[in-house]
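Take a look at the structure below.
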Amino acid sequence: MAEITWVALSRLYLHPLNSRSEPPPAEIELLSESIRTAGLLQNLMGYADPEGGFAEGNDLQSRRIGIVAGGRRLRALQLLHGPGRGDVEVPVLITGDAATAAEWAGTENTARAALNPADEVVAYRRMRAQGASPTAIASAFAVRERHVLGRLKLALLPDEALDALRAGQISIDQAEALTVAQSDDAVAAMIPRILKAVNGWNTMRPEQIRRELNPEAVPASDRRARFVGLDTYADRGGRIQSDLFSDSTVLLDPALLDLLFAEKLESARAEICAEGWAEVHAFSAAYPDYELLRERCGARLERVPVALPEADAEELDELMARAEAEELGREDLARMDELTTRAAGDFDDADRTRATAFIHVSNGGDVIMDGAWLPREANEGEAGGSEAITGKAEAIPQNLRDDLRIIQTLALQTALLEKPELVLDLLAVTLTADVWPWYRPLALSPTAQTLTPSKPDETHIDARLARAIPTDDRTGKADLTIGLLSDVQSLGRKARNAAITAALARTMHTAGSDFGKALAARLRVNPRNVWHPTAENYFKRLPMGMLDQIRDELLPHMADEAQRFRELKKAAKAAELHRIIHDADYREALGLSRDQNAAIDRWLPPELRLPDAEGPAAIEEDAA
Numbered sequence: 000m001a002e003i004t005w006v007a008l009s010r011l012y013l014h015p016l017n018s019r020s021e022p023p024p025a026e027i028e029l030l031s032e033s034i035r036t037a038g039l040l041q042n043l044m045g046y047a048d049p050e051g052g053f054a055e056g057n058d059l060q061s062r063r064i065g066i067v068a069g070g071r072r073l074r075a076l077q078l079l080h081g082p083g084r085g086d087v088e089v090p091v092l093i094t095g096d097a098a099t100a101a102e103w104a105g106t107e108n109t110a111r112a113a114l115n116p117a118d119e120v121v122a123y124r125r126m127r128a129q130g131a132s133p134t135a136i137a138s139a140f141a142v143r144e145r146h147v148l149g150r151l152k153l154a155l156l157p158d159e160a161l162d163a164l165r166a167g168q169i170s171i172d173q174a175e176a177l178t179v180a181q182s183d184d185a186v187a188a189m190i191p192r193i194l195k196a197v198n199g200w201n202t203m204r205p206e207q208i209r210r211e212l213n214p215e216a217v218p219a220s221d222r223r224a225r226f227v228g229l230d231t232y233a234d235r236g237g238r239i240q241s242d243l244f245s246d247s248t249v250l251l252d253p254a255l256l257d258l259l260f261a262e263k264l265e266s267a268r269a270e271i272c273a274e275g276w277a278e279v280h281a282f283s284a285a286y287p288d289y290e291l292l293r294e295r296c297g298a299r300l301e302r303v304p305v306a307l308p309e310a311d312a313e314e315l316d317e318l319m320a321r322a323e324a325e326e327l328g329r330e331d332l333a334r335m336d337e338l339t340t341r342a343a344g345d346f347d348d349a350d351r352t353r354a355t356a357f358i359h360v361s362n363g364g365d366v367i368m369d370g371a372w373l374p375r376e377a378n379e380g381e382a383g384g385s386e387a388i389t390g391k392a393e394a395i396p397q398n399l400r401d402d403l404r405i406i407q408t409l410a411l412q413t414a415l416l417e418k419p420e421l422v423l424d425l426l427a428v429t430l431t432a433d434v435w436p437w438y439r440p441l442a443l444s445p446t447a448q449t450l451t452p453s454k455p456d457e458t459h460i461d462a463r464l465a466r467a468i469p470t471d472d473r474t475g476k477a478d479l480t481i482g483l484l485s486d487v488q489s490l491g492r493k494a495r496n497a498a499i500t501a502a503l504a505r506t507m508h509t510a511g512s513d514f515g516k517a518l519a520a521r522l523r524v525n526p527r528n529v530w531h532p533t534a535e536n537y538f539k540r541l542p543m544g545m546l547d548q549i550r551d552e553l554l555p556h557m558a559d560e561a562q563r564f565r566e567l568k569k570a571a572k573a574a575e576l577h578r579i580i581h582d583a584d585y586r587e588a589l590g591l592s593r594d595q596n597a598a599i600d601r602w603l604p605p606e607l608r609l610p611d612a613e614g615p616a617a618i619e620e621d622a623a
């Protein structure tokens with residue numbers, strides 16, 4: 000068996016089996032200097048060839064060893080130590096078998112002794128500091144340039160991270176994840192958390208480290224980033240970070256991205272409005288709000304089909320037939336889309352002047368027109384058409400509407416935590432009712448629903464919901480083993496049912512539907528148990544007129560103060576409403592009665608209020 004032996008440098012020579020081309024002298028000088036500063040990081044590999052002769056005498060201890068792998072290092076060592084090198088010993092993996100030696104010569108990298116990544120990082124860093132380029136370093140160590148670039152990226156980590164890597168306390172993947180940190184302090188704070196985690200489920204995966212170091216980072220694949228464009232974002236001062244190890248790019252200034260997204264979406268809305276529409280409404284979400292459309296709109300407009308010229312119609316038929324039989328090329332697909340769009344026709348000009356068009360930005364970053372609707376009064380002849388969506392009507396912002404629906408979901412899911420049997424009933428409905436998938440009470444795959452609104456202050460998420468469902472990472476998952484089943488069985492029925500209840504409650508996603516509202520009413524769900532309106536998360540985001548209405552609802556007996564409130568600026572109004580909700584001393588100064596205080600404590604935005612319960616006044620406590 001081959002073993003590593005320390006051999007005098009004077010006994011080593013370049014064996015004919017080492018057929019690699021002669022490296023440039025400058026490369027050998029660079030590697031020699033690296034060995035001087037960092038030491039020899041990898042052993043040589045040699046063949047005790049009977050034809051190699053002896054350095055001196057004729058005993059086995061003086062036999063010459065031919066280096067079959069590591070010729071660059073041998074030359075660098077010889078250059079470093081010069082002619083008087085007899086006492087210098089270097090580690091050599093030696094074999095006396097010619098076939099093994101030939102194999103080593105052909106596949107050098109597979110037989111090298113393992114090199115600690117931290118030592119490699121230090122060696123590359125020293126060479127780079129001496130002026131060596133990544134290309135030169137890669138050539139000197141016979142590795143790919145991308146490998147060198149990765150190690151040089153790791154070289155930017157503080158010494159405590161490299162020390163942990165050298166000691167095996169963190170993995171190379173975890174060290175690579177640390178490189179996304181914005182400061183050494185962030186790395187220093189993260190390392191103890193990694194070390195504290197134990198092997199198994201609690202080990203911090205690289206994806207988790209990256210996410211926690213940059214919690215607000217937005218992937219470049221995000222629809223907002225695609226819509227705005229990285230160049231535009233960067234030109235406005237946005238910071239972009241490319242992760243060499245995960246081949247991902249993220250944007251580090253989400254507030255700027257949201258601003259640019261809103262600006263460009265408004266520009267797109269105005270451009271489409273110029274086509275003659277009465278109004279164009281832009282949804283900021285990744286999908287149109289169909290519930291809002293049903294509530295506020297009348298008839299949907301249909302395009303007036305156009306009869307294509309005979310030649311074009313025949314061409315379209317031919318392309319569609321070919322598309323069913325084969326994969327069309329890019330030009331054919333574009334032509335088919337063009338003809339299909341022309342055949343679909345356009346909207347009637349007279350209808351445009353009365354209708355509202357709706358647009359949103361798709362996940363691909365494209366502006367999608369969702370259709371156009373007539374206002375409700377134009378369709379039904381009702382006088383109450385003021386609720387039709389138009390850009391002129393005072394409406395709450397879309398992101399606030401989204402937040403309030405999140406609060407609906409959070410409140411209902413929290414209430415379900417105490418109703419395990421009801422959750423199992425809902426599961427039965429979800430699995431057996433013959434309804435469209437999006438109407439099922441529980442969103443099963445399972446898919447954890449968003450519970451953190453964009454303005455999360457005064458939002459309280461039950462820890463059982465937070466940990467109910469594993470994150471949907473594509474990497475770092477454990478293998479499916481019988482041990483996982485044993486773990487579940489060892490929990491006992493009560494703990495198992497609690498886990499099932501939390502996981503299923505975590506999937507509730509129809510809180511904003513009629514079904515969800517009726518269910519919440521029966522459960523006597525109170526959104527104020529999980530969320531409280533504040534200046535930041537609610538009042539500052541409302542139109543001015545709505546703030547006046549809310550003040551009148553909260554303090555209806557103080558009509559003489561209403562005019563003073565109406566004359567305040569928006570920020571001052573929001574601050575005062577915040578004090579009314581949260582400041583007990585302020586309420587006492589206002590002289591509010593117990594009933595008036597109770598009414599304020601119960602107050603909810605209209606979007607979170609529930610209808611009267613149908614059936615039982617409230618669902619009784621489930622059996623244990």
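Quick note on numbering: numbering that gives the first Met the number 0 labels position 592 of the sequence shown as 591, and the sequence is numbered without any gaps. Every residue gets a Cβ at the ideal spot worked out from N, C-alpha and C, and that includes glycine. Predicted model, so just to flag it, every value in this text is computed and none were measured.
Pick from Ala68, His359 and Ala128 that is closest to Tyr46, judged by C-alpha positions: Within the sequence shown, the letter at position 47 stands for residue 46. The residue from Ala68, His359 and Ala128 with its alpha-carbon nearest to that of Tyr46 is Ala68.
Beta-carbon contacts of Leu243 that lie in its chain and below 7 Å, excluding the five residues immediately before and after: Along the sequence shown, read from residue 1 onward, the residue named residue 243 stands at position 244. For Leu243, where only same-chain residues beyond five positions count, the Cβ hits under 7 Å are Leu148, Gly149 and Lys152.
N- and C-terminal bounds of the alpha helix (DSSP H) containing Thr340: Along the sequence shown, one-based indexing puts residue 340 at 341. From DSSP, the alpha helix (DSSP H) with Thr340 extends over Arg329 to Ala343.
Element boundaries [beta strand (DSSP E), containing Glu460]: In the sequence shown, counting from the first residue as 1, residue 460 sits at position 461. Sequence check: residue 460 is Ile here, not Glu. Unbroken run through Ile460: none, as it is neither H nor E.
Arg299 - containing beta strand (DSSP E), residue span: The count along the sequence shown starts at 1 and reaches residue 299 at position 300. Taken as a continuous stretch (DSSP letters only), the beta strand (DSSP E) holding Arg299 covers Cys296 to Arg299.
Unbroken alpha helix (DSSP H) run spanning Val186, endpoints: By one-based count along the sequence shown, residue 186 stands at place 187. Start and end: Asp183 to Lys195.
Beta-carbon proximity of Glu262 to Ala281, cut-off 9 Å: On the sequence shown, residue 262 is found 263 positions in, with the first residue counted as 1. On the sequence shown, residue 281 is found 282 positions in, with the first residue counted as 1. Cβ atoms of Glu262 and Ala281: not closer than 9 Å.
Span separating the alpha-carbon of Asp221 from that of Asp401: For this step, residue 221 is matched to residue 222 along the sequence shown. For this step, residue 401 is matched to residue 402 along the sequence shown. Going by the C-alpha atoms only, they are around 18 Å apart.
Coarse secondary structure for His146, derived from DSSP in three states: Within the sequence shown, the letter at position 147 stands for residue 146. Three-state result, His146: helix.
Anticipated Cβ contact below 8 Å, Val366 with Ala216, distance rounded: Translated into positions along the sequence shown, residue 366 becomes position 367. Translated into positions along the sequence shown, residue 216 becomes position 217. A Cβ-Cβ separation of about 25 Å leaves Val366 out of contact with Ala216 under the 8 Å criterion.
C-beta atoms of Ile66 and Leu13 nearer than 9 Å: The residue labelled residue 66 in the question sits at position 67 within the sequence shown. The residue labelled residue 13 in the question sits at position 14 within the sequence shown. The beta carbons of Ile66 and Leu13 sit closer together than 9 Å.
C-alpha distance - Ala427 paired with Leu518, whole-angstrom precision: What you label residue 427 is simply residue 428 of the sequence shown in a count that begins at 1. What you label residue 518 is simply residue 519 of the sequence shown in a count that begins at 1. One C-alpha to the other measures close to 15 Å.
Same chain only: Cβ atoms within 8 Å of Trp5, ignoring 5 sequence neighbours per side: Residue mapping note: residue 5 aligns to position 6 of the sequence shown, counting from 1. Contacts found: Glu88, Val89, Pro90 and Val91.
Coil, strand or helix - Gln548 by DSSP: Counting from one through the sequence shown, the residue named residue 548 turns up at place 549. Reduced to three states, the DSSP call for Gln548 is helix.
Endpoints, alpha helix (DSSP H) assigned at Ile580: As a first step, residue 580 must be located in the sequence shown, where it is residue number 581. Lys569 to His581 is the span of the alpha helix (DSSP H), which, as asked, contains Ile580.
Whole-angstrom distance between Ala277 and Ala571, CA atom to CA atom: Along the sequence shown, read from residue 1 onward, the residue named residue 571 stands at position 572. Along the sequence shown, read from residue 1 onward, the residue named residue 277 stands at position 278. Approximately 35 Å between the Cα atoms of the pair.
Cβ separation of His508 and Gln448, assumed to be a contact under 8 Å, to the nearest whole Å: The count along the sequence shown starts at 1 and reaches residue 508 at position 509. The count along the sequence shown starts at 1 and reaches residue 448 at position 449. The pair is a contact, with the Cβ atoms about 5 Å apart (cut-off 8 Å).
CA nearest to the CA of Ala284, picked from Thr202, Asn362, Ile239 and Ala219: Taking the sequence shown and counting its residues from 1, one reaches residue 284 at position 285. Residue Asn362 holds the alpha-carbon nearest to the alpha-carbon of Ala284 among Thr202, Asn362, Ile239 and Ala219.
Contact set for Pro604: own chain, Cβ-Cβ below 8 Å, skip 5 residues either direction: Here residue 604 corresponds to residue number 605 of the sequence shown, with the count starting at 1. Excluding sequence positions up to five before and after Pro604, its CB lies within less than 8 Å of the CB of Leu403, Pro532 and Tyr537, all in the same chain and listed in chain order.
Endpoints, beta strand (DSSP E) assigned at Ser170: Here residue 170 corresponds to residue number 171 of the sequence shown, with the count starting at 1. Ser170 -> no beta strand (DSSP E), and no H or E assigned at all.
Ser241: first and last residue of the uninterrupted alpha helix (DSSP H) it sits in: Here residue 241 is taken as the residue at index 242 of the sequence shown, counted from 1. It is not in any alpha helix (DSSP H) - Ser241 instead sits in the beta strand (DSSP E) that spans Ile239 to Asp242.
Residues near Glu2 by beta carbon distance below 8 Å, same chain, minus five either side: One-based indexing of the sequence shown puts residue 2 at position 3. These residues qualify, in order along the chain: Leu92 and Ile93.
Those residues which DSSP pairs with Phe357 across a bridge: Within the sequence shown, residue 357 is the residue found at index 358, counting from 1. Note: Phe357 sits in a beta bridge opposite His280 and Gly370.
Alpha carbon of Ala343 to alpha carbon of Asp350, nearest angstrom: Position 344 of the sequence shown holds residue 343. Position 351 of the sequence shown holds residue 350. Taking the straight line from one Cα to the other gives about 16 Å.
Coil, strand or helix - Pro604 by DSSP: Your numbering for residue 604 matches position 605 in the sequence shown. Secondary structure at Pro604: coil, using DSSP grouped into helix, strand and coil.
Residues that Leu43 bridges to, as DSSP identifies them: Numbered from its first residue, the sequence shown carries residue 43 at position 44. Looking at the DSSP assignment, Leu43 forms a beta bridge with Val91.
Distance CB(Met335)-CB(Leu307) smaller than 9 Å: Here residue 335 refers to the residue found at position 336 of the sequence shown. Here residue 307 refers to the residue found at position 308 of the sequence shown. Taking C-beta atoms as the reference points, Met335 and Leu307 fail to come closer than 9 Å.
Cross-strand partners of Trp5 (DSSP beta bridge): As a working mapping, residue 5 is identified with position 6 in the sequence shown. Residue pairing by DSSP places Trp5 opposite Pro90 in a beta bridge.
Pick from Ile208, Val179, Arg293 and Ile193 that is closest to Thr248, judged by C-alpha positions: Your numbering for residue 248 matches position 249 in the sequence shown. Nearest option by C-alpha distance: Val179.
Selection from Lys516, Gln207, Asp345 and Arg505 that minimises the alpha carbon distance to Asp461: Counting from 1 along the sequence shown, the entry for residue 461 is found at position 462. Asp461 has its Cα closest to that of Arg505, out of Lys516, Gln207, Asp345 and Arg505.
Ala187 versus Leu409 - alpha carbon distance: Taking the first residue of the sequence shown as 1, we reach residue 187 at position 188. Taking the first residue of the sequence shown as 1, we reach residue 409 at position 410. Taking the Cα positions, Ala187 is about 35 Å away from Leu409.
Cut-off 6 Å between Cβ atoms - residues of its own chain near Arg124, not counting five sequence neighbours on either side: Looking up residue 124 in the sequence shown gives position 125. The residues are Ala154.
For Val249, three-class secondary structure by DSSP: Position 250 of the sequence shown, counting from 1, holds the residue named residue 249. Residue state, collapsed to three classes: strand.
Rounded C-alpha distance that separates Ala97 from Ser31: Position 98 of the sequence shown, counting from 1, holds the residue named residue 97. Position 32 of the sequence shown, counting from 1, holds the residue named residue 31. In this structure, the alpha-carbon of Ala97 lies about 29 Å from that of Ser31.
Alpha-carbon to alpha-carbon, Thr352 and Asn378: Your numbering for residue 378 matches position 379 in the sequence shown. Your numbering for residue 352 matches position 353 in the sequence shown. Note that Asn378 scores a pLDDT of 48, beneath 50, so its modelled location is shaky; the value from the coordinates is reported in the next line. Straight through space, the alpha carbons of Thr352 and Asn378 are spaced by roughly 14 Å.
For Ala382, three-class secondary structure by DSSP: Taking the sequence shown and counting its residues from 1, the one referred to as residue 382 is at position 383. With a pLDDT of 36 at Ala382, under the threshold of 50, the modelled position of that residue is not reliable, and the figure given next carries that caveat. The answer is coil: DSSP assigns Ala382 none of H, G, I, E or B.
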